[in-house]
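Data first, discussion second: the structure below is written as structure tokens.
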Amino acid sequence: MNALAPYKRLTIKIGSALLVDKQGKLRAAWLADLASDIAALKAAGCEVVIVSSGAIALGRGLLGLSAVALTLEQSQAAASAGQIALSQAWASALGAHGIVTGQILITPNITEERRYYLNARTTIATLLGLGAIPIINENDSVATAEIRYGDNDRLSARVATMIEADCLVLLSDIDGLYTAPPAQDPNATHIAEVRVITQAIEAMAGGAASHLSRGGMTTKVEAGKIATQAGTAMIIAKGTETHPLAALSQGGRHTLFHPAQSRAQARKRWIMGTLALTGSLQVDAGAARALLTGKSLLPIGVTKVGGEFERGDAVAVLGPDGAEIARGLAGLDSDEARLVMGKRSDTVIELLGVANRAALIHRDNLVLVGAKEDRNDHV
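Residue numbers 30 to 408, in the working numbering, belong to the letters of the sequence shown in order.
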């Protein structure tokens, strides 16, 4: 069975120990095989985003840092030198298949603060739309011990949910989750599917395997919680052999973590329940009816803008009588919204420029309130 067949947008996480050998050298032949697998997925119509570790591991070798434990300053220096080599390696490997790569370095605030989040998501979406493959890594050269993600497993889960990937694939040195760490327990058995991440599942995870990686099965299960709760499936598969993605496509053993809910449901719950409202947009009767049919909220239907908000903030949508009928993520800030409310889309473009969306709230970022919500399931 082709484990990747159901998915059209994949986030694939590559660990340091897969990309870099114990001498700090790039495993170029392995990366070339992986690039071939990625090219095949792309040719089949799948969008691929890579979250790649390896900068510090490569930088250690380049800078001659042999200590098992590096100081924070040494880690940052290694990341700075290694990131250039890592980026060049990916560009070369995928370039051999005519694929352009784009590098994005992420720090924790980018997925925690809405404006940075939206900008990063837009950059990734634009690269995908242009046929390129984004290569993402934590910005280890400036991250500190206090603010870093701590491992690229969780980073990849946040990226996967940010771009609404169908599935997150964690390539590791093990072919999935076992009932106990197999290196410690010869009776440990492989688990093919996880429907729900329970405390029992979490207890099965072990610690990090080597100094080259900050992750381990524990962080992979934690990544699974982030991904599955947001509606993204997750696969843990062995990546040490050649052509690891092709092996998955040909029925290779792995563990599949099923999404806890659909992405649409997860996004609705997130918008409805976890974001504080910072403003409001009151609409006329025509706009209210359009929202009920799954349309975006355009400036021409807005009669009043309340509060102060930034692009990406959560706002309430009020009907003509002032009752809340929907809520969503603002496509413009409050000053821009006041400037364009009641105006046609062509006028909005004249006022704000062609780079701005005409919608005040795009339908993908809009949830209807109450019983009406179910009629907008595609949101």
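We put the beta carbon where it would ideally sit given N, CA and C, even for glycine.
*Consult DSSP for T307 and reduce its assignment to one of helix, strand or coil.*
Position 278 of the sequence shown, counting from 1, holds the residue named residue 307. DSSP places T307 in strand when its eight states are reduced to three.
_Distance check for A387 and G357, CA to CA, integer angstroms please._
The residue labelled residue 357 in the question sits at position 328 within the sequence shown. The residue labelled residue 387 in the question sits at position 358 within the sequence shown. Cα-Cα distance, rounded: 15 Å.
*Tell me, please, which residues DSSP counts as bridged to G131.*
Looking up residue 131 in the sequence shown gives position 102. According to the DSSP secondary-structure assignment, G131 is paired through a beta bridge with P163.
*Taking the beta strand (DSSP E) that M263 falls in, what are its first and last residues?*
Within the sequence shown, numbered from 1, the residue matching residue 263 stands at position 234. Start and end: A262 to K267.
_Measuring only the C-alpha atoms, how far is A366 from V198?_
Taking the sequence shown and counting its residues from 1, the one referred to as residue 366 is at position 337. Taking the sequence shown and counting its residues from 1, the one referred to as residue 198 is at position 169. Across the structure, A366 and V198 are spaced so that their CA atoms are roughly 40 Å apart.
*Between the C-alpha atoms of I128 and V346, what's the straight-line distance to the nearest angstrom?*
Residue 128 sits at position 99 when you count from the first residue of the sequence shown. Residue 346 sits at position 317 when you count from the first residue of the sequence shown. So the alpha carbons of these two residues sit roughly 42 Å apart.
*Going straight from the alpha carbon of L277 to that of R89, what length do you get?*
Position 248 of the sequence shown, counted from the start, is the residue given in the question as residue 277. Position 60 of the sequence shown, counted from the start, is the residue given in the question as residue 89. Distance between the alpha carbons of L277 and R89 is about 31 Å.
*asked:* As an exercise, report each continuous alpha helix (DSSP H) stretch of at least 4 residues that is fully enclosed by the stretch 307-363, in chain order.
replied: Counting only runs of 4 or more, we get 314-321.
*Would you call the stretch 30-48 and the stretch 72-82 in contact, with 3 or more CB pairs under 8 Å?*
Yes, the stretch 30-48 touches the stretch 72-82.
*Using three-state DSSP, classify R150 as helix, strand or coil.*
Stepping through the sequence shown from its first residue, residue 150 is reached at position 121. Three-state DSSP puts R150 in a helix.
*Taking the CB atoms as reference points, tell me whether A266 and H283 lie closer together than 8 Å.*
Counting from one through the sequence shown, the residue named residue 266 turns up at place 237. Counting from one through the sequence shown, the residue named residue 283 turns up at place 254. Pairing A266 with H283 gives a Cβ-Cβ distance under 8 Å.
*CB P273 to CB L48, shorter than 8 Å?*
Residue numbering aside, residue 273 sits at position 244 when the sequence shown is read from its first letter. Residue numbering aside, residue 48 sits at position 19 when the sequence shown is read from its first letter. When the beta-carbon positions are compared, P273 and L48 stay at least 8 Å from each other.
*asked:* Is it buried or exposed, G236, if we count other Cβ atoms within 10 angstroms and call 16 or more buried?
replied: On the sequence shown, residue 236 is found 207 positions in, with the first residue counted as 1. Low local confidence applies: a pLDDT of 43 at G236 is under 50, so the model's placement there is unreliable, and no value is given.
*Leaving out five residues on either side along the sequence, give the residues of the same chain with a beta carbon under 6 Å from the beta carbon of D66.*
If you number the sequence shown from 1, residue 66 lands on position 37. Counting only residues of its own chain and dropping the five nearest sequence neighbours on each side, D66 has a CB closer than 6 Å to the CB of H272, L274 and A275.
*In angstroms with no decimal places, state the Cα-to-Cα distance between Q258 and G124.*
Position 229 of the sequence shown, counted from the start, is the residue given in the question as residue 258. Position 95 of the sequence shown, counted from the start, is the residue given in the question as residue 124. Taking the straight line from one Cα to the other gives about 35 Å.
*Roughly how many whole angstroms lie between the Cα atoms of A343 and G111?*
Locating residue 343 in the sequence shown gives position 314, where the first residue counts as 1. Locating residue 111 in the sequence shown gives position 82, where the first residue counts as 1. Approximately 39 Å between the Cα atoms of the pair.
*Strand pairing of H283, partner residues [DSSP]*: As a first step, residue 283 is located in the sequence shown; it is residue number 254 there, counting from the start. Beta-bridge pairing links H283 to A266.
*C-alpha gap between D393 and A305, whole angstroms*: Locating residue 393 in the sequence shown gives position 364, counting from the first residue. Locating residue 305 in the sequence shown gives position 276, counting from the first residue. Between D393 and A305, the alpha-carbon positions lie close to 18 Å from each other.
*Taking Cβ to Cβ, would you say I354 is nearer than 8 Å to A317?*
The residue you call residue 354 lines up with position 325 of the sequence shown. The residue you call residue 317 lines up with position 288 of the sequence shown. For I354 and A317, yes; Cβs fall inside 8 Å.
_Status (buried if at least 16 other CB within 10 Å, exposed otherwise) for L159_ = Mapped onto the sequence shown, residue 159 falls at position 130. Exposed is the label assigned to L159, since fewer than 16 other Cβ atoms lie within 10 Å of its Cβ.
*Since V198 is in the beta strand (DSSP E), which residue starts that stretch and which ends it?*
Within the sequence shown, residue 198 is the residue found at index 169, counting from 1. Per DSSP, V198 belongs to the beta strand (DSSP E) from C196 to S201.
*asked:* Given a cut-off of 8 Å on the beta-carbon distance, is the pair A374 and L327 in contact?
replied: Residue mapping note: residue 374 aligns to position 345 of the sequence shown, counting from 1. Residue mapping note: residue 327 aligns to position 298 of the sequence shown, counting from 1. Note on residue identity: the sequence assigns Ser, not Ala, to residue 374. Contact flag set, yes.
_Residue from F338, A234 and A221 whose Cα sits closest to the Cα of D214_ = Sequence index remark: in the sequence shown, residue 214 carries index 185 (1-based). Considering only alpha carbons, the answer is A234.
_Span of the beta strand (DSSP E) around E76_ = Translated into the one-based positions of the sequence shown, residue 76 becomes position 47. It spans E76 to S81 - the beta strand (DSSP E) in which E76 sits, taken as one unbroken run.
*Is the distance from the Cβ of V312 to the Cβ of V334 below 8 Å?*
The residue given as residue 312 occupies position 283 in the sequence shown. The residue given as residue 334 occupies position 305 in the sequence shown. For the pair V312 and V334, the CB atoms are not nearer than the 8 Å cut-off.
_Counterpart residues of T155 in DSSP-defined beta bridges_ = Against the sequence shown, residue 155 aligns to sequence position 126. Paired residues: none, contrary to the question.
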